[in-house]
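The sequence shown: position 297 = 430 (my numbering), numbered continuously. Don't be surprised by glycine CBs; every beta carbon is placed ideally from N, CA and C.
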Amino acid sequence: MDTEDAGIYFDHHASTAVDDRVVAEMEDAFDEVYANPASRTNHQAGQEAHGAVSEARERIVDAIGATRTEEVVFTSGATESDNLALKGVMREARDNGDGSHLITAATEHEAVLEACDALKWEGFDVTVLPVDEYGRVNPSDLRAAIRDETVLVSIMAANNEVGTVAPLAEIGEITTEEGVLFHTDAVQAVGYVELDVDELGIDLMSISGHKIYGPKGVGALYVRYGSAHLKPMFHGGGHERGWRSGTLNVPGIVGLGKAVELAEAEREDRVAHIGKLRDEFERRLCEEVDDIAVNGHPEHRLPNNLNVSFVGADDQRLVARLNDDGLYAATGSACSTMETRESHVLTAMLDDENRIQSSVRFGLGKDNSEEDVTRAVEIITSNVGRLRQFGGLS
Ligand SMILES: *Cc1c(COP(=O)(O)O)cnc(C)c1O
Numbered sequence: 134m135d136t137e138d139a140g141i142y143f144d145h146h147a148s149t150a151v152d153d154r155v156v157a158e159m160e161d162a163f164d165e166v167y168a169n170p171a172s173r174t175n176h177q178a179g180q181e182a183h184g185a186v187s188e189a190r191e192r193i194v195d196a197i198g199a200t201r202t203e204e205v206v207f208t209s210g211a212t213e214s215d216n217l218a219l220k221g222v223m224r225e226a227r228d229n230g231d232g233s234h235l236i237t238a239a240t241e242h243e244a245v246l247e248a249c250d251a252l253k254w255e256g257f258d259v260t261v262l263p264v265d266e267y268g269r270v271n272p273s274d275l276r277a278a279i280r281d282e283t284v285l286v287s288i289m290a291a292n293n294e295v296g297t298v299a300p301l302a303e304i305g306e307i308t309t310e311e312g313v314l315f316h317t318d319a320v321q322a323v324g325y326v327e328l329d330v331d332e333l334g335i336d337l338m339s340i341s342g343h344k345i346y347g348p349k350g351v352g353a354l355y356v357r358y359g360s361a362h363l364k365p366m367f368h369g370g371g372h373e374r375g376w377r378s379g380t381l382n383v384p385g386i387v388g389l390g391k392a393v394e395l396a397e398a399e400r401e402d403r404v405a406h407i408g409k410l411r412d413e414f415e416r417r418l419c420e421e422v423d424d425i426a427v428n429g430h431p432e433h434r435l436p437n438n439l440n441v442s443f444v445g446a447d448d449q450r451l452v453a454r455l456n457d458d459g460l461y462a463a464t465g466s467a468c469s470t471m472e473t474r475e476s477h478v479l480t481a482m483l484d485d486e487n488r489i490q491s492s493v494r495f496g497l498g499k500d501n502s503e504e505d506v507t508r509a510v511e512i513i514t515s516n517v518g519r520l521r522q523f524g525g526l527s
């Protein structure tokens with residue numbers, strides 16, 4: 134990655150720079166693979182495009198412990214993957230008379246929560262489970278919420294604001310026992326958490342390229358063969374088993390495949406390097422700044438996440454000042470386009486307005502260094518001090 138500006142980028146939950154090795158494979162795909170993969174039955178050029186897509190599919194299958202390449206459906210990103218999983222499964226189930234109830238959690242990404250709202254308008258029944266103060270659902274709440282009409286449980290692998298990692302194996306055990314489908318939005322977990330869909334009992338899983346050093350605008354939905362069936366959202370030429378029509382984004386898919394392969398191959402190194410930086414960052418902030426609270430689970434948290442409330446400092450002012458000093462962080466959920474909305478994640482976890490309104494999300498990445506952490510701590514310490522001293526009015 135070329136860092137042309139001197140800014141310290143601590144916003145890796147929002148997006149990441151594309152890895153050079155991913156760019157290199159995408160460039161080859163742009164240069165050499167130009168035909169439509171659907172033309173493989175007509176000519177050699179089509180076969181080459183199909184081959185490039187197949188290789189990406191295989192890389193993803195290998196990385197997530199899936200068994201068949203048909204289980205990977207390429208999409209335009211995780212927003213589409215989440216929508217396709219929820220709407221596709223629920224609409225198909227209703228049409229087959231298989232039920233109309235869906236269970237999710239209060240801290241899910243907007244792509245899941247808003248899709249649930251849309252489904253409610255269509256007459257589906259949605260249960261939104263509460264979370265504890267660390268952002269985790271209680272597996273016994275989940276078990277109690279499952280009933281005869283339940284079709285699907287959608288609970289994210291790791292949260293994009295506070296980094297809390299869900300008890301995936303326990304959830305998968307419950308859904309398997311109860312005979313309902315388990316979808317997980319694993320966008321933030323790829324490259325940090327071992328995601329073996331068979332071992333964890335996952336039936337559908339959403340991933341996104343741009344959160345894992347891959348390109349924007351491309352993602353995938355894993356769909357367990359023979360168990361989950363979808364009603365398509367796009368109708369057309371019948372691509373991707375008829376579940377997602379549209380000519381495939383070949384260079385994007387090549388980039389996604391490479392990014393997923395690297396994320397899994399380098400997972401342990403990334404966890405070790407980034408986790409060490411994050412722990413050091415957290416330790417020094419707690420030492421040097423009074424009155425701060427770390428949000429998220431003390432143990433079951435992504436190694437790249439640090440979400441901190443600087444009680445008494447307004448989060449938007451603070452993030453703007455950090456930006457002025459070259460430290461890029463986020464307030465609340467950066468995925469939301471409505472700037473002044475309070476974080477639904479922190480609101481579901483905490484009963485403390487001061488803590489919710491003063492929270493800043495830092496997301497570290499594989500290319501950050503100890504030097505970045507040292508400078509970040511200095512920038513934060515001086516700005517928090519000034520904001521608190523002047524009551525946030527300057
Ligand atoms: C970013 C994100 C999404 C949306 O992914 P896009 O590919 O940007 O549409 C969904 N879920 C989570 C948890 C995310 O962090």
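Nearer than 7 Å: is that true of the beta carbon of residue i relative to any heavy atom of ligand 1?
i, result
"H234", "no"
"T297", "no"
"K344", "yes"
"T317", "no"
"T240", "no"
"T212", "yes"
"N440", "no"
"D231", "no"
"A244", "yes"
"N293", "yes"
"H146", "yes"
"Q180", "no"
"V320", "yes"
"S476", "no"
"S341", "yes"
"M289", "yes"
"G390", "no"
"G352", "yes"
"D331", "no"
"G195", "It is Asp, not Gly, that sits at residue 195 in the sequence shown. It does not: the Cβ of D195 is nowhere closer than 7 Å to a heavy atom of ligand 1."
"D250", "no"
"D484", "no"
"D153", "no"
"D336", "no"
"D215", "yes"
Determine the DSSP secondary structure at residue i, reduced to helix, strand or coil.
i, result
"F523", "coil"
"D144", "strand"
"V261", "strand"
"T514", "helix"
"T317", "strand"
"R187", "Note on identity: in this sequence residue 187 is Ser, with Arg being the wrong assignment. Reduced to three states, the DSSP call for S187 is helix."
"V245", "helix"
"H234", "strand"
"L252", "helix"
"M134", "Unreliable placement is indicated for M134, whose pLDDT of 49 sits below 50; no coordinate value is reported for it."
"T283", "strand"
"N216", "helix"
Check the C-beta distance from residue i over to residue j and give it rounded, since I have them as a contact under 8 Å.
i, j, result
"F443", "V506", "Not a contact, Cβ separation roughly 17 Å."
"A344", "V320", "Ala is not the amino acid found at residue 344; the sequence shown has Lys there. Yes, K344 and V320 are in contact; Cβ-Cβ is about 5 Å, under 8 Å."
"V330", "G198", "5 Å"
"K532", "H406", "Outside the modelled stretch of the chain, which goes from 134 to 527, sits residue 532, for which no answer is possible."
"S287", "V245", "6 Å"
"P170", "A157", "The Cβ separation is near 21 Å, so there is no contact."
"L235", "L252", "7 Å"
What does DSSP give as the partner residues of residue i in its beta bridges?
i, result
"M338", "T317 and Y355"
"L439", "F495"
Check: Using 8 Å as the threshold, is the segment 283 to 295 in touch with the segment 433 to 440, meaning 3 or more CB pairs across them?
Finding: When Cβ pairs closer than 8 Å are counted between the two stretches, the segment 283 to 295 is seen to touch the segment 433 to 440, the count reaching three or more.
Check: Are there three or more Cβ pairs, one per stretch, closer than 8 Å when the segment 246 to 261 is compared with the segment 398 to 408?
Finding: The segment 246 to 261 vs the segment 398 to 408: no contact.
Next item on the list: Decide if the segment 193 to 204 is in contact with the segment 228 to 241; the criterion is three or more beta carbon pairs, one per stretch, under 8 Å apart.
Entry: As far as the Cβ criterion goes, the segment 193 to 204 does not touch the segment 228 to 241, which means the pair count is below three.
Next item on the list: Mind the definition here: the segment 304 to 318 touches the segment 170 to 185 only if three or more C-beta pairs lie below 8 Å; say whether that holds.
Entry: Because the criterion of three Cβ pairs below 8 Å is not met, the segment 304 to 318 and the segment 170 to 185 do not touch.
Check: At a cut of 8 Å, does the segment 416 to 424 reach the segment 441 to 457 through at least three beta carbon pairs?
Finding: Verdict: yes, contact present.
Next item on the list: For the segment 182 to 196 and the segment 161 to 170, state whether three or more C-beta atom pairs, one from each stretch, are separated by less than 8 Å.
Entry: Touching, yes.
Next item on the list: Pair every Cβ in the segment 485 to 494 with every Cβ in the segment 452 to 463, then say whether three or more of these pairs are closer than 8 Å.
Entry: Yes: at least three Cβ pairs fall under 8 Å.
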